[in-house]
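Asker:
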Amino acid sequence: MHTEAFEARAYDLRDGAATIGFGYTFNRANNVELWERANIQLDETQRRHLERIDAATTNAERTRLGLRFARALTREEARDLLELASIPEYEDPANSLGMPYSKERAVLVSVTYNRGQHAVRTRMEGFAEAIREGDRAEAWYQLRYNSWGSNPGAERGLRKRRGMEAAIFGLYDDPANISPEEALSVYGMFQLHRDSIRALESAWGVSFEGVPSRLDVIGLANRDYRELLLESGPVPTINAALEPAKRALLHGLRGEFPEVADRLDAGILDATAIHVDPGRQLRLGDRLTVAQRNSTSERVDTDRAHALDGTVARAGVEVGRNDLLLGMGGDDTLVGGRGHDILIGGADQDQLLGGVGFDTYLVDSGDVVRDEDGLGQVHWDGKTLGGGAQAPADPEGIYRSSDGCHTYQLDGTDLLVTLQGGAAIRVAGFDNGNLGISLDPGNGQDVADLVMYHEVDEQLSAANAEREIAEPASKLEQVTADVLRDLRCAGMTGVTHVRASVGCSAGKSNPEARLVAWQGDPRDPATRWSVTSVQDVAGVDVDEILRQCNRSVDRPGQSPELASLQQVAPRHAGPGAP
0 MHTEAFEARA YDLRDGAATI GFGYTFNRAN NVELWERANI QLDETQRRHL
50 ERIDAATTNA ERTRLGLRFA RALTREEARD LLELASIPEY EDPANSLGMP
100 YSKERAVLVS VTYNRGQHAV RTRMEGFAEA IREGDRAEAW YQLRYNSWGS
150 NPGAERGLRK RRGMEAAIFG LYDDPANISP EEALSVYGMF QLHRDSIRAL
200 ESAWGVSFEG VPSRLDVIGL ANRDYRELLL ESGPVPTINA ALEPAKRALL
250 HGLRGEFPEV ADRLDAGILD ATAIHVDPGR QLRLGDRLTV AQRNSTSERV
300 DTDRAHALDG TVARAGVEVG RNDLLLGMGG DDTLVGGRGH DILIGGADQD
350 QLLGGVGFDT YLVDSGDVVR DEDGLGQVHW DGKTLGGGAQ APADPEGIYR
400 SSDGCHTYQL DGTDLLVTLQ GGAAIRVAGF DNGNLGISLD PGNGQDVADL
450 VMYHEVDEQL SAANAEREIA EPASKLEQVT ADVLRDLRCA GMTGVTHVRA
500 SVGCSAGKSN PEARLVAWQG DPRDPATRWS VTSVQDVAGV DVDEILRQCN
550 RSVDRPGQSP ELASLQQVAP RHAGPGAP
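Numbering (our numbering), first residue to last: 0 to 577.
#1: If residue 374 and residue 352 are in contact, beta carbons under 8 Å, what's the gap, nearest whole angstrom?
#2: To the nearest angstrom, report how far apart residue 489 and residue 418 are at their CA atoms.
#3: Here's the rule I'm using: 16 or more other beta-carbon atoms within 10 Å means buried, otherwise exposed. How should residue 94 be labelled?
#4: To the nearest angstrom, report how far apart residue 242 and residue 44 are at their CA atoms.
#5: Expressed to the nearest angstrom, what Euclidean distance is found between the alpha-carbon atoms of residue 206 and residue 194?
#6: Whose C-alpha, out of 348, 211 and 277, is nearest the C-alpha of residue 331?
#7: Would you tell me roughly how many angstroms separate the C-alpha atoms of residue 50 and residue 27, rounded to the nearest one?
#8: Using three-state DSSP, classify residue 508 as helix, strand or coil.
#9: Give the range of the beta strand (DSSP E) segment to which residue 528 is assigned.
#10: Taking just the CA atoms, how far does residue 335 sit from residue 67?
#11: Less than 9 Å separating the beta-carbons of residue 319 and residue 362?
#12: Could you round the C-beta distance between residue 240 and residue 170 to whole angstroms and report it? I think they count as a contact, below 8 Å.
#13: Answer with buried or exposed for residue 516, where buried requires no fewer than 16 other C-beta atoms within 10 angstroms of its C-beta.
#14: Residues in its own chain within less than 7 Å of residue 258 by CB, not counting five upstream and five downstream?
#15: Give the straight-line distance between the Cα atoms of residue 341 and residue 274, rounded to the nearest whole angstrom.
#16: Quick check on the DSSP output: what are the complete alpha helix (DSSP H) runs of length 4 or more inside the region 189 to 222, in order along the chain?
#17: Please list, in chain order, all residues of the same chain as residue 459 whose beta carbon is under 7 Å from its beta carbon, the five residues on each side excluded.
#18: Determine the DSSP secondary structure at residue 70, reduced to helix, strand or coil.
#19: Whose C-alpha, out of 78, 9 and 61, is nearest the C-alpha of residue 38?
#20: What three-state label does DSSP hand residue 422 in the structure shown?
#21: Would you report the Cα separation of residue 137 and residue 185, rounded to the nearest angstrom?
#22: When you compare only the Cα positions, how much space is there between residue 433 and residue 387?
#23: Kindly indicate which three-state DSSP category residue 615 falls into: helix, strand or coil?
#24: So, for residue 150: in the same chain, excluding its five sequence neighbours on each side, which residues have a beta-carbon less than 6 Å away from its beta-carbon?
#25: For residue 271, count the other beta carbons within 10 Å of its own beta carbon; 16 or more makes it buried, fewer makes it exposed. Which is it?
#26: Measure from the alpha carbon of residue 532 to the alpha carbon of each residue in 364, 499 and 468, then state which is nearest.
#27: Out of curiosity, what's the CA-to-CA distance linking residue 61 and residue 103?
Structure below.
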């Protein structure tokens, strides 16, 4: 791999070295040996000039003499000088890391060729560790940002070269086929080094906001390495580099959380506005060598507590931006800041803190949501929390959702939301209507529950009659109530059909027996379905479900549909039965 465009005569890349051909530098003590090994013919004057370079005692003197070397090279001579004479000398670091012949190996040889073996071995520890661990994203970071060297006078030229080499090395195994795991790895690297990358891009490249710096080594590399970049593609800005990972990550999240797919749109989220737990930490301490700064320690437990902060300030003033914050395991704290943010807590008990703007929260059991302005939505287990209504028989401060899946309870200034089964979340500092959650002290359950109860009861009774099954009334009541409970949780408001699976015969106990109900055309992807296990009906609180169905009947102001329905009378002898 040639990491330089071809130049027949010695030239200055402003990197502290004199260069010729395909990036061969004169800044060494064995020029004569290498030129002879490449079988390049030299006259006596040219040989003596190389000998003077070899004998020079400072790098600056070698650069000065190298730039005065008069001989021109042909492309064939330049290729031989690089491949036959120089490359073998600089393969040791790649060999020691066990790197196979590849573009990645060629890049390390190029860096060694430019910096020297000693510098690569002693000042690129972070890169070597990443290669050993198979962490491509971390190796890319170390190469692009943390391996330029230590000569301030040549920093711009060296950063330009490292940017080009990182572009050839590549951030992805295959940019056209990125797995969710690889996308998370890339964003883990970015999160770990976010502050460093922000500062370096603002000083030497293109800022997160797309503003080129005065020194812009990205534009310089894409100008000076034109010939090389015809094959490898341009040196990307950080936004362009992250874009493939962003699209892969959002694609996976849209499949996992279809209820907010419209918010997980690549067009409304900048590539630098995604925050994930990196799963590792930076080395800290006052005794770090230059090479160890911005390098990583061993991976840490992803179930540890971690904080992600999406706030952005300019000149001390917070600015708005749409961020995605993705917690992993552990009790994480996610801070959205100003803007329309998406906060996904992940496993364990998380603190999700939203600022000004329409924020979207995806929660699970134990999470706490605190929103600054009350704008947004909360999604739990595939459902949007919309609030509920209070029935006369319910305790003060208890509200139930129309589908029966969520119970809302005021707890001081907070709102507790509980799923069937006891899992709960807390919305801190709640006012009625915040986050689209409304608590209605009025008429309670919608007419849909009572309608669906009658529909299921009629269909099951008809099916039993057709199959000549004499099922006890109390058993039919239990099954109907259990099906209704599952219909609510599926978000259904009606029943098109209820069908029994094989094994639902009378007098037979089959743990695999199921009752499948749907609302709509079964061929339509939008149709809602529910599945009820017949084996589970014994645990149904029939009295409570019947009470919820009946609680709106005979109330003032009821709808005509509800007035036309009869209350459901319990078929079993028990408390409250006639």
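Beta carbons: idealized from backbone N, C-alpha and C, even for Gly. From a predicted model like this one, the values you see are computed outputs, not experimental measurements.
Answerer: In short, the structure shows the following:
#1: Contact between residue 374 and residue 352 is ruled out by a C-beta separation of about 14 Å, above the 8 Å threshold.
#2: Each residue's Cα considered, the two are about 13 Å apart.
#3: Burial call: exposed.
#4: In a straight line, the C-alpha of residue 242 is about 54 Å away from that of residue 44.
#5: So the two alpha carbons sit approximately 12 Å from each other.
#6: Out of 348, 211 and 277, 348 has the C-alpha closest to the C-alpha of residue 331.
#7: C-alpha separation (whole angstroms): 11 Å.
#8: Note that residue 508 scores 46 on pLDDT, short of 50, meaning its location in the model is unreliable; the coordinates nonetheless yield the value given after this. It is coil, neither helix nor strand.
#9: 527 to 532 is the extent of the beta strand (DSSP E) around residue 528.
#10: A direct Cα-Cα distance of roughly 58 Å separates residue 67 from residue 335.
#11: Cβ atoms of residue 319 and residue 362: not closer than 9 Å.
#12: So it is a contact: roughly 6 Å between Cβ atoms.
#13: Residue environment: residue 516 is assigned as buried (16 or more neighbouring CB atoms within 10 Å of its CB, all protein chains considered).
#14: Counting only Cβ-Cβ distances below 7 Å, and skipping sequence neighbours, we find 378, 381 and 383.
#15: Roughly 10 Å separates the two Cα atoms.
#16: Taken in chain order, the complete alpha helix (DSSP H) segments of 4 residues or longer contained in the region 189 to 222 are 193 to 203.
#17: These residues qualify, in order along the chain: 475, 478, 479 and 497.
#18: In this structure, residue 70 counts as coil in the three-state DSSP scheme.
#19: Nearest option by C-alpha distance: 78.
#20: Residue 422 falls in the coil class under three-state DSSP.
#21: C-alpha separation (whole angstroms): 8 Å.
#22: Distance between the alpha carbons of residue 433 and residue 387 is about 13 Å.
#23: The structure shown does not extend to residue 615, since the chain spans only 0 to 577, so no value can be given for it.
#24: Contacts found: 15.
#25: Counting the other CB atoms within 10 Å of its CB gives residue 271 a total of 16 or more, which places it among the buried residues.
#26: For the options 364, 499 and 468, the alpha carbon positioned closest to that of residue 532 is the one of 499.
#27: Their Cα atoms are separated by approximately 30 Å.
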